[in-house]
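What follows is a short report on a single structure.
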Amino acid sequence: MPMPTVLLIEDDAEGRKRIGQLFARHEWNVLEADDGAQGMEIAFAQKPEAIICDLLLPKLSGLQVCRALREKLTSTKIIITAGRHYDVDRSVILDAGGDDYFVKPLKWEKLEKALKRKRRPARKLTPRQSRALKFQPPSTRLKFWGVRGSIPVPGPSTIRYGGNTTCVEVRTDSEIIILDAGSGIRELGLALEKEFDGAPINLTLLLTHTHWDHIQGLPFFLPAYKAKNSLRVLGFEGARAGLATILAAQMEVPFFPISWRDLPGTIKIRELKRMKFSIGKVKVHARFLNHPGICAGYRLFTKEGSIAFLPDNEPFEPLKLKLAARDGTHPHRARAQAAVARSKLVDFLKEADVLILDTQYTDEKYQEHVGWGHGALSRVVSLALEARVKKLFLFHHDPTHDDHKIDEMLERARLLVLESGRPLEVEAAREGAEVWLSGKVPKR
Ligand SMILES: [Zn+2]
Ligand SMILES: [Zn+2]
440 MPMPTVLLIE
450 DDAEGRKRIG
460 QLFARHEWNV
470 LEADDGAQGM
480 EIAFAQKPEA
490 IICDLLLPKL
500 SGLQVCRALR
510 EKLTSTKIII
520 TAGRHYDVDR
530 SVILDAGGDD
540 YFVKPLKWEK
550 LEKALKRKRR
560 PARKLTPRQS
570 RALKFQPPST
580 RLKFWGVRGS
590 IPVPGPSTIR
600 YGGNTTCVEV
610 RTDSEIIILD
620 AGSGIRELGL
630 ALEKEFDGAP
640 INLTLLLTHT
650 HWDHIQGLPF
660 FLPAYKAKNS
670 LRVLGFEGAR
680 AGLATILAAQ
690 MEVPFFPISW
700 RDLPGTIKIR
710 ELKRMKFSIG
720 KVKVHARFLN
730 HPGICAGYRL
740 FTKEGSIAFL
750 PDNEPFEPLK
760 LKLAARDGTH
770 PHRARAQAAV
780 ARSKLVDFLK
790 EADVLILDTQ
800 YTDEKYQEHV
810 GWGHGALSRV
820 VSLALEARVK
830 KLFLFHHDPT
840 HDDHKIDEML
850 ERARLLVLES
860 GRPLEVEAAR
870 EGAEVWLSGK
880 VPKR
């Protein structure tokens, strides 16, 4: 009997390798694709016996891929995998034509059973049902447009995680909320104009602080150049001047040819004064972080979960100890002060569904950069564990870290989680990656 073939559609190379080995050990031919489009191409050409497809793929989601495959491949087993479990996912996956839904890591015994089971006949749907089942993106999702700290670093060594500086887009409750305006905002602006196709865009730009890597993309943000659009810019006051003055300053002659005043879009800058406010129906809590100057972290409460965004933040204890050594404070006292500050931050982050947190340095590199205002890997992981966060994104990657280095840091972070024995999903933020929130939210 010829060997059966499985196609793995999975963007995480490590994960793909692991699943591939599992199948290869049981005498399957293994084909691989790292995104949905490539996966569909291979699937239609090779017609494998089974397809294992990740739910949260970049560009095309696992559901979109599943639906498209099912239309043409009626006898292929399609199994969707995910790094998390939500009951709602299972029924959506079955409706999309998937045969099964497994949470990673995959166990061969379970897989084998699913592969042997007869395919259930496709449900006959009324036209109305099939319309209702057409792909609908979840109402809360976020997308990374820039994940880098300090300065953009495009080039072959940063191609997978991306070279643009901080910018994250959140869509929820019919709001477009942009977190920070690093160089990644340029691509986002182009995408928004394409999506809205001439219709007015209303959006809110929420700034954590005005360090250059968080505002440098703003002069290149296309929606600001169209009179039809309205931009609301929110942030706390910068270091010495008001927010409006600082944002205008980077566009002054001789730095830039077009002045802030001359931008045709309706742009309103509002300096935040309170630590709790709302953007439409989205409640936002703010907290000042351990970073030079005024730098806020935000937590957005959407109806499908909460997102905490702390792109620049340093652990408290090493900095307190360094200062204590300088001014003669007893280390005990410095440690106690740091512990109080940390526990307040843990409260702020408690049970966040998604935490995007400054992890610029490895632990070793951080030792040389205490006081620079950025995170260190193992302290980032322990903070997320203590706050019982569901999903952690390592963020604000150091400009000297290439893709390989970030892979290593991610691996180290996952090892630390494994050692802790507690549940926490960890990813390294990657330009272009999307995260969907569709879990049930505890009442607040
Ligand atoms: Zn920064
Ligand atoms: Zn900064």
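Under the working numbering, the residue at position 55 of the sequence shown is numbered 494, and the numbers go up by one with no gaps.
For every residue, glycine included, the Cβ atom is placed at its ideal position computed from N, Cα and C.
| said: Would you say the beta carbon of G588 is closer than 7 Å to some non-hydrogen atom of ligand 1? | reply: yes
| task | Assign A666 to buried or exposed, taking buried as 16 or more other Cβ atoms, counted over all protein chains shown, within 10 Å of its Cβ. | result | exposed
| field | Check your reading: residues with Cβ closer than 5 Å to ligand 2 heavy atoms | value | This selection yields H650 and D751.
| Residue nearest to F583 in terms of C-alpha spacing, selected from P838, L833, E858 and H840 | L833
| For the region 780-791 against the region 802-817, are there 3 or more C-beta pairs whose distance is under 8 Å? | Result no; under three Cβ-Cβ pairs closer than 8 Å.
| said: Rounding to the nearest angstrom, what Cα-Cα distance links T515 and F483 in this structure? | reply: It is roughly 11 Å from the alpha-carbon of T515 to the alpha-carbon of F483.
| Sorted by chain position, which residues of the same chain lie with C-beta nearer than 7 Å to I706's C-beta, five sequence neighbours on each side aside? | Apart from the 5 residues on each side of it in sequence, I706 sits with its Cβ closer than 7 Å to the Cβ of A663, L670 and V672 in its chain, given in chain order.
| Endpoints, the beta strand (DSSP E) within which F659 is located | Element bounds for F659: n/a, residue is neither H nor E.
| said: Just checking D652 against ligand 1 - is the residue's beta carbon closer than 7 Å to any of the ligand's heavy atoms? | reply: yes
| request: Take the Cβ of A620 as the centre, count every other Cβ of all protein chains shown within 10 Å, and call the residue buried at 16 or more, exposed below. | output: buried
| task | Please go through the same chain and pick out, in chain order, the residues whose beta-carbon is closer than 6 Å to the beta-carbon of M690, but skip the five residues on each side of it. | result | P658, S698 and W699
| task | Can you tell me which of the three DSSP states S530 falls into? | result | Residue state, collapsed to three classes: helix.
| query | If you drop the 5 nearest sequence neighbours on each side, which residues of the same chain put their C-beta closer than 8 Å to that of L686? | reply | These residues qualify, in order along the chain: T649, I654, L657, V672, W699 and I708.
| query | How long is the line joining the alpha carbons of D701 and F695, rounded to whole angstroms? | reply | Approximately 12 Å, taken between the alpha carbons.
| From the DSSP output, which residues share a beta bridge with L702? | For L702, which the question treats as bridged, DSSP gives no partner whatsoever.
| query | What do you reckon, are the CB atoms on I519 and G501 nearer than 8 Å? | reply | yes
| How about the region 792-804 and the region 706-726: do they share at least three Cβ pairs that are nearer than 8 Å? | no
| request: Going by CA-CA distance only, name the one from L788, G871 and V809 that's closest to P754. | output: V809
| Going by beta carbon distance, what residues of the same chain come within less than 8 Å of A553, once the five residues before and after it are set aside? | Within the same chain, A553 has close Cβ partners K516, I518, D538, D539 and F541.
| task | Apply the 10 Å Cβ neighbour rule to A452 and answer buried if 16 or more other Cβ atoms are within range, or exposed otherwise. | result | exposed
| task | Give the secondary structure of V672 by DSSP, where H, G and I count as helix, E and B as strand, and everything else as coil. | result | DSSP places V672 in strand when its eight states are reduced to three.
| task | Enumerate in chain order the residues of its own chain whose CB-to-CB distance from P881 is below 8 Å, with the five nearest sequence positions on each side excluded. | result | Below a pLDDT of 50, predicted positions are generally treated as unreliable, and P881, at 35, falls in that range; the measurement from the model is reported next regardless. Correct list, in chain order: E790.
| query | Fully enclosed by the region 840-878, which alpha helix (DSSP H) runs are 4 residues long or longer? | reply | 842-859
| field | Supposed contact pair A763 and P757 - C-beta distance, whole angstroms, cut 8 Å | value | Rounded, the Cβ-Cβ distance is 11 Å, inconsistent with contact.
| query | Mind checking whether G536 and R506 have CB atoms under 8 Å apart? | reply | yes
| Do K830 and E803 have their CB atoms nearer than 8 Å? | no
| request: Can you have a look at A678 and say buried or exposed, based on whether 16 or more other CB atoms are within 10 angstroms of its CB? | output: Low local confidence applies: a pLDDT of 49 at A678 is under 50, so the model's placement there is unreliable, with the coordinate-based value given in what follows. So A678 ends up on the exposed side.
| message | Checking 8 Å against the spacing of the C-beta atoms, do K486 and L512 come in under that value? | response | The answer is yes: Cβ separation under 8 Å.
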